[in-house]
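Read through the structure below, which is laid out as structure tokens, and then see the notes.
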Amino acid sequence: MNENKLFQLKIMLYGIEPPVWRRFIVKSNITFHSLHDVIQEAMGWEDYHMFEFEFNDAIIEADQQGGIDSMFIGFRPRSKKRNLKASKTRLHDVISMESQEFEYVYDFGDNWQHLVVVEKILDNDPFQKFPVCVGGARACPPEDCGSVPGYYELMKLRKNKKHPEYEERIVEWIGEDYNPDFFDIKEANMRLGVNTVNEKYLVQPEKELLEKIVDLASNAKYNEALVIVNIVLNNNPKSYPALFLRYRINKKSGKTDEDDLELAYKEAKKQGAGKKVLAMMEEEIDDVEFVKIHKKFKKLIKTTKQSDIKNPEKKHIINRSNKDYGVPDLTQEFFEDNPIDMFSAACIGYNLLLNPELEKKTIKKLYKLLPKSRKGEIDNEKKEIIAANGPEEMLKIIMKGIDTINEYFLMDKILEFEERVVPDLIDILKGNTNDGVVEYCIKLIYNCKMDHTKQILDALSSIKIAYNLSMVCLLLGLTGNRDVIKPLWDCYHFLKEEYPSESYAQGPLLALSEIENKLK
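Counting from 1, position 117 in the sequence shown corresponds to residue 151 in the working numbering; the numbering is continuous, with no gaps.
Written as structure tokens, this is what we have:
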């Protein structure tokens, strides 16, 4: 069926990043031995060694078995697949469709493995000479360099002219002019005996296409820009500039795809992108995380405002009895019957305690958005923190109410006096009615290096505010062990009975859930 067709093939070398690859077009009726010759010329190998092709159901091997490579044959795993000869098997005998994949192995010692993909099956073209190379990137490794580990070692050595082996291995062997990033399509075609290439087969260099995308996007021609982005990604799925551009173009039309952003950043780091590029991507990642948190807080604020309207200026002072709520039974049914509310104050606090880096990024982003007057106030507070001499003065700053932007700055300073300040922080938690101060004290104790669980447990019965009790219970769940289960159980039932319309019971409930997970 494909006897008089053309096969557009893409070959990629395994194990090396950024990838070494070539795209070429061959006639479907050539033998696999001829395909081996094409690959050698297109890739830049020197045909010193044996080879084979492997399909799902067949291995196509070179006719001549000999030379130093033959000693490795006994160590190569041999399957029950049918064995065919490269000089007698034609491409159309085993290639039947587009997207079909097979492997090409060259040099059984270094074991260079390549993936070959049948990208297109085309009609024959009498006006173009075949085989022809129509795309590619980077130079193939030097022959006999010791496979992928040897290649990377050689590339590292290439950058160190003072190394004692530089003269022998670089100057005398591979040559100082060897450039791993170099690929010349004209040179590849000269080796294949082709002088001219029909432009309809050529793919424009990625750099030119990326410049065109930027130009189109700058003029708000987003649909046209996306078409070219997809052309780039079809040729190079790991092109981090194209992935990042697609993300930013889609963002303009409100169709952001975070997968593009994450993959672009991952590939940029892997491929050694510059600091400016990485910083730009990190800023976008910060934006995405900020939006997520902002939405969550927006919903929480809306819920809180509704609660404030119903209960203006209401503070729940605890009048606790010594009632015993029995023995805890933390079954799956218990947590199913008592679900966690993800928008409760305790749950928000829980997420922020467990994700400090996310909170720091959000704070950084918030600071950029603030007006100059507010930034001035924050900077003055920072100066006050710097000038604070000893834990007593720092505690005064906390009691006055510290700006969220400066919380972590003060934390690093005050926790140098951990043993002296923790008793004072626990006293604040017993009766302070400022939620912001309470939450910050919880955060400080959670970030202590020492375990203060016993001190907190001893103070539990002295806590006078329902909200404070809820947050202290949450802290116990994060820092405590089996010993805190019974006190948490009693607090949970007390808060649920006394304040059924509030979410105070969420603190001990989350804490019990955390302890149960620790004990699994």
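Every residue, glycine too, gets a C-beta built ideally from N, C-alpha and C.
Exposure of residue i, with buried meaning 16 or more beta-carbon neighbours within 10 Å
{"i": "S535", "result": "exposed"}
{"i": "M131", "result": "exposed"}
{"i": "I335", "result": "With a pLDDT of only 45 at I335, under 50, the local geometry of the prediction cannot be trusted, and the value read off the model is given with reservation. By the neighbour-count rule (16 or more Cβ atoms within 10 Å), I335 is not buried but exposed."}
{"i": "A254", "result": "exposed"}
{"i": "I497", "result": "buried"}
{"i": "E473", "result": "buried"}
{"i": "V506", "result": "buried"}
{"i": "T396", "result": "buried"}
{"i": "D144", "result": "buried"}
{"i": "Y538", "result": "buried"}
{"i": "N232", "result": "exposed"}
{"i": "I351", "result": "exposed"}
{"i": "A313", "result": "exposed"}
{"i": "F87", "result": "buried"}
{"i": "E548", "result": "buried"}
{"i": "V266", "result": "buried"}
{"i": "Q366", "result": "exposed"}
{"i": "K220", "result": "exposed"}
{"i": "K44", "result": "buried"}
{"i": "V150", "result": "buried"}
{"i": "L388", "result": "exposed"}
{"i": "N229", "result": "exposed"}
{"i": "V205", "result": "exposed"}
{"i": "Y82", "result": "exposed"}
{"i": "G514", "result": "buried"}
{"i": "Q340", "result": "Because the pLDDT of Q340 is 46, which lies under 50, any placement of that residue in the model is unreliable, and the question is left without a value."}
Extent of the continuous beta strand (DSSP E) to which residue i belongs
{"i": "K61", "result": "W55 to K61"}
{"i": "W146", "result": "W146 to D157"}
{"i": "V168", "result": "V166 to A171"}
{"i": "Y212", "result": "No beta strand (DSSP E) holds Y212; DSSP gives it neither H nor E."}
Residue i - DSSP class collapsed to helix/strand/coil
{"i": "Q238", "result": "coil"}
{"i": "F451", "result": "helix"}
{"i": "I499", "result": "strand"}
{"i": "Q340", "result": "Because the pLDDT at Q340 is just 46, under 50, the model does not fix this residue reliably, and the point stays unresolved."}
{"i": "E573", "result": "This structure leaves residue 573 out entirely; the chain is present only between 35 and 554."}
{"i": "I476", "result": "helix"}
{"i": "N36", "result": "coil"}
{"i": "T230", "result": "coil"}
{"i": "T467", "result": "coil"}
{"i": "M314", "result": "helix"}
{"i": "Q162", "result": "coil"}
{"i": "L174", "result": "Checking the sequence, you will find Cys at residue 174 rather than Leu. Here C174 sits in coil by DSSP."}
{"i": "E415", "result": "helix"}
{"i": "F106", "result": "Confidence at F106 is low in this model, with a pLDDT of 49, below 50, so its placement is unreliable and no value can be given for it."}
{"i": "G275", "result": "Reading the sequence as shown, one finds Pro at residue 275 and not Gly. Three-state DSSP puts P275 in a helix."}
{"i": "H70", "result": "helix"}
{"i": "P52", "result": "coil"}
{"i": "Y281", "result": "helix"}
{"i": "E531", "result": "helix"}
{"i": "A493", "result": "helix"}
One or two residues paired with residue i in a DSSP bridge
{"i": "L47", "result": "H148"}
{"i": "L118", "result": "I94"}
{"i": "F85", "result": "Y140"}
{"i": "F41", "result": "V60 and I155"}
{"i": "T65", "result": "R124"}
{"i": "E135", "result": "V151"}
Span of the alpha helix (DSSP H), counted from its first residue to its last, around residue i
{"i": "L364", "result": "L364 -> no alpha helix (DSSP H), and no H or E assigned at all."}
{"i": "L386", "result": "A379 to L388"}
{"i": "D127", "result": "L125 to V128"}
{"i": "N257", "result": "Y256 to N269"}
{"i": "R354", "result": "From DSSP, R354 is part of no alpha helix (DSSP H); its letter is neither H nor E."}
{"i": "M433", "result": "P425 to K434"}
{"i": "D25", "result": "Residue 25 lies beyond the range of the chain shown here (35 to 554); nothing can be said about it."}
{"i": "I219", "result": "I219 to R225"}
{"i": "N555", "result": "Examination of residue 555 is not possible in this model, given that the chain is present from 35 through 554 alone."}
beta-carbon residue i near the ligand PLP non-hydrogen atom, thresh 7 Å
{"i": "R282", "result": "As far as ligands go, the structure on display features none, and thus does not contain the ligand PLP."}
C-beta neighbour in chain D for residue i, strict 8 Å
{"i": "V311", "result": "Any reference to chain D falls outside this structure, which holds one protein chain only."}
Quiz item: Taking three-plus beta-carbon pairs below 8 Å as touching, is the region 179-195 in contact with the region 54-70?
Solution: no
Quiz item: Below 8 Å, can you find three or more Cβ-Cβ pairs linking the region 371-390 to the region 398-412?
Solution: no
Quiz item: Do the region 444-456 and the region 417-427 make contact, defined as three or more Cβ pairs closer than 8 Å?
Solution: yes
Quiz prompt | Touch test, the region 152-167 against the region 80-97, Cβ-Cβ under 8 Å, three pairs minimum | solution = no
Exercise. Mind the definition here: the region 177-186 touches the region 65-76 only if three or more C-beta pairs lie below 8 Å; say whether that holds.
Key: no
Exercise. Determine, using beta-carbon pairs with one atom in the region 136-143 and one in the region 208-222, whether at least three such pairs fall under 8 Å.
Key: no
Quiz item: Are three or more beta carbon pairs between the region 512-530 and the region 354-372 nearer than 8 Å?
Solution: yes
Quiz item: On the three-pair Cβ rule with 8 Å, is the region 161-169 touching the region 113-124?
Solution: no
Quiz item: Hey, is the region 118-128 in contact with the region 222-242, meaning 3+ C-beta pairs nearer than 8 Å?
Solution: no
Quiz item: Is the region 294-314 touching the region 483-491 in the sense that three or more CB pairs, one from each, lie closer than 8 Å?
Solution: no
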